[in-house]
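> If you read the sequences in order, they're chains A and B. Numbering follows the numbering used here, with no gaps: position 87 of the first sequence is 88. Numbering follows the numbering used here, with no gaps: position 6 of the second sequence is 11. Backbone N, C-alpha and C fix where the C-beta goes; we use that ideal spot for every residue, glycine too.
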Amino acid sequence: MLNLVWLGLILSGVVVAALRGQVDAVTDVAIRSASAAVETAVALAGVMILWLGLSRIAERAGLIEALGRVMRPLVGPLFPGVPPDHPAMGAMMMNLGANLLGLGSAATPFGLRAMKELQALNPEKSRASDAMITFLVLNTGGFSLVPAMMIGLRAQAGSRHPAEIVGATLVVSLAATLAGLSADAAFRSRERRKSPRRP
Amino acid sequence: MNPLDLLARWTVPFLLAFIPLYGYLRGVDVYGAFIDGGREGLSLAIRILPYIVSIFVAIGLFRASGALELATHYLRPLLGPLGIPPEILPLMIIRPLSGNGALALTTELLHRWGPDSYVGRLASVITGSTDTTFYILSLYFGSVGVTRSRHALAAGLIADGVGFLAAALVVRWLFGS
């Protein structure tokens, strides 16, 4: 899919330039864009080092665990099939806590651990369980308190108010997450109506 | 001052002071942890370098050739009523597919249009508030050998679509277009 998007952009660019008789510009633009990309990436490195450095402190200080504990009463009811004291619940909360802090790379290991625990509860191993789907919808909803990487990118691009998007980001990810959860519930109840005996 | 604005201005300074202080009080080697995580940040930056080059070159060609103008011309009646500028379209396609690709594309949009423009803010909010649906599903399901993902992809993509529309609404409402 990404393959096709990228190929489409390149090919349509070259073809349109050729049709317009501007084929010389192609080489020039390609080379200039590539150098601009490297300059941008170098500037980006500073932001990433700063934020992932802070993230690591947060992780070692137990902030993710604390956030997970706070969230459990809120998020737990979404997973009726998972016993509250099961290790799957803990791992899911740690993953969601890391996501909330915007620690994408710290969130992944917790997420993978959570999937392993959820699989242990899953009666049909090749088929996704309800809890797995709900968990992944929460994950892909992109809910995050601090879009730190975005703030850094904006600052680096010369924004006057790099952090002004925080409120908007919060509202939008909340809307997206709620939409995902509603869709999940709707799909599930439709499935139940079709084959009521499935666990 | 409205609360969203207050939150926006205080988030980073607060975290910058709070996280290291809290870590120090909890006995964490804060400097060592920072360096350690920072090293990961550096390797992440190096890892995404090819993505940034690929996106910059593809978008650069697409734009300079006039192909973007053509696409814009045909898509305006479709996206216009939703308040989504056509420049955002590639981001809406790439966001669910590749986190690094979306980061690169957003960087490109910020530099091209300015971070404080409508396109810049919309790109920032879209990238900050949605996640890489396809990648997460394939990684997480793949890790435990689940092959029948049922409605997970559909629910994830519905969340993304609602997020894109909500982003256009909220950004226009907060900042104007």
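Whose Cβ in chain A lies nearer than 9 Å to the Cβ of GLU45/B?
Within chain A, the residues near GLU45/B are MET49, ILE50, LEU53, GLY54, SER56, ARG57, SER106.
> Do you know how far the Cα of VAL16/A is from the Cα of LEU47/B?
One C-alpha to the other measures close to 37 Å.
> Which whole-angstrom value is the C-beta distance of SER59/B and ALA18/A, which I expect to be below 8 Å?
Actually they do not touch by this definition, with Cβ atoms about 18 Å apart.
> Which of the three DSSP states is assigned to ARG31/B in this structure?
Three-state DSSP puts ARG31/B in coil, outside helix and strand.
> Measuring only between beta-carbons, confirm whether ARG81/B sits less than 8 Å from chain A.
False, the Cβ-Cβ gap to chain A never drops below 8 Å.
> Comparing the C-beta of ALA176/A with each C-beta of chain B, is any distance below 8 Å?
Yes, its Cβ sits closer than 8 Å to a Cβ of chain B.
> Name the DSSP beta bridge partners of ARG128/A, please?
In DSSP, ARG128/A forms a bridge with ARG153/B.
> When you compare the CB positions of ALA62/A and ARG44/B, do they come within less than 8 Å of one another, or not?
Cβ atoms of ALA62/A and ARG44/B: not closer than 8 Å.
> At the level of alpha carbons, what is the spacing between ALA176/A and THR170/A?
Computed Cα separation, rounded: 10 Å.
> Does GLY168/B come within less than 8 Å of chain A when only Cβ atoms are used?
It does: the Cβ of GLY168/B has a partner Cβ on chain A nearer than 8 Å.
> Can you list, in chain order, the residues of its chain whose CB lies under 6 Å from that of VAL83/A, leaving out five sequence neighbours each side?
Here the set comprises ALA89, MET90, ALA132.
> I want to see whether chain A comes within less than 8 Å of PRO120/B, judged by CB atoms only; does it?
Yes, because at least one Cβ of chain A sits closer than 8 Å to the Cβ of PRO120/B.
> Look up ALA63/B in the DSSP assignment and say whether it is helix, strand or coil.
Reduced to three states, the DSSP call for ALA63/B is helix.
> Which chain A residues sit within Cβ distance under 9 Å of ALA107/B?
Correct list: empty, because the minimum Cβ distance to chain A is about 11 Å.
> Starting from LEU20/B, find everything on chain A with Cβ-Cβ shorter than 9 Å and list it in chain order.
Near LEU20/B (Cβ distances below 9 Å), the residues of chain A are LEU55, ALA59, LEU102, VAL147, ALA149.
> Quick check on the DSSP output: the alpha helix (DSSP H) that includes HIS116/B runs from which residue to which?
Element bounds for HIS116/B: 104 to 118.
> Nearest to GLY125/B by CA position, among VAL62/B, TYR36/B, VAL176/B, is which residue?
Selected option, being the one with the closest Cα: VAL176/B.
> So THR170/A is in the alpha helix (DSSP H); what residue range does that whole segment cover?
First-last of the alpha helix (DSSP H) with THR170/A: 167 to 195.
> Can you say whether PHE23/B is buried or exposed, counting buried as having 16 or more other CB atoms within 10 angstroms of its CB?
By the neighbour-count rule (16 or more Cβ atoms within 10 Å), PHE23/B is not buried but exposed.
> Return the chain-ordered ranges of every alpha helix (DSSP H) run that is complete within the segment 36 to 102 of chain B and spans a minimum of 4 residues.
Runs of the alpha helix (DSSP H) inside the segment 36 to 102 of chain B: 72 to 84, 94 to 99.
> Any beta carbon of chain A sitting closer than 8 Å to that of VAL176/B?
By this cut-off, VAL176/B is an interface position.
> Buried or exposed for TYR145/B, going by 16 or more other Cβ atoms inside 10 Å?
TYR145/B comes out buried.
> At a CB-CB cut-off below 8 Å, which residues of chain A make contact with GLY88/B?
Those do not exist, as GLY88/B stays about 13 Å from chain A at its closest Cβ, beyond 8 Å.
> What residues in its chain sit with their C-beta under 7 Å from that of ARG189/A, if we drop five residues either side in the sequence?
Cβ within range, chain order: ASP131.
> Could you tell me how far apart the beta carbons of GLY69/A and MET94/A are, in whole angstroms, since I believe they sit closer than 8 Å?
The pair is a contact, with the Cβ atoms about 3 Å apart (cut-off 8 Å).
> Pull up the distance between the alpha-carbon of LEU75/B and that of GLN157/A, whole angstroms please.
Their backbone Cα atoms lie some 31 Å apart in a straight line.
> Pull up the CB-CB distance for ALA107/B and THR132/B, whole angstroms please, since I reckon it's below 8 Å.
Yes, ALA107/B and THR132/B are in contact; Cβ-Cβ is about 5 Å, under 8 Å.
> Taking only beta-carbon atoms, is GLY181/B less than 8 Å away from chain A?
False, the Cβ-Cβ gap to chain A never drops below 8 Å.
> Alpha carbon to alpha carbon, what distance is there between SER160/A and TRP118/B?
Cα-Cα distance, rounded: 11 Å.
> List the residues of chain A that SER154/B touches, going by C-beta distances under 7 Å, in chain order.
The answer, in chain order, is ALA129.
> Using a Cβ-Cβ distance cut-off of 8 Å, determine whether TYR123/B contacts chain E.
Looking at the structure shown, chain E is missing, and the protein chains on hand are A and B.
> Measure the alpha-carbon distance for LEU139/A versus THR109/A and round it to whole angstroms.
If I take the Cα positions, the gap works out to 13 Å.
> Would you kindly report the start and end of the unbroken alpha helix (DSSP H) that includes SER36/A?
Taken as a continuous stretch (DSSP letters only), the alpha helix (DSSP H) holding SER36/A covers 24 to 61.
> Sorted by chain position, which residues of the same chain lie with C-beta nearer than 7 Å to PHE111/A's C-beta, five sequence neighbours on each side aside?
Cβ within range, chain order: ALA92, MET95, ASN96, ALA99.
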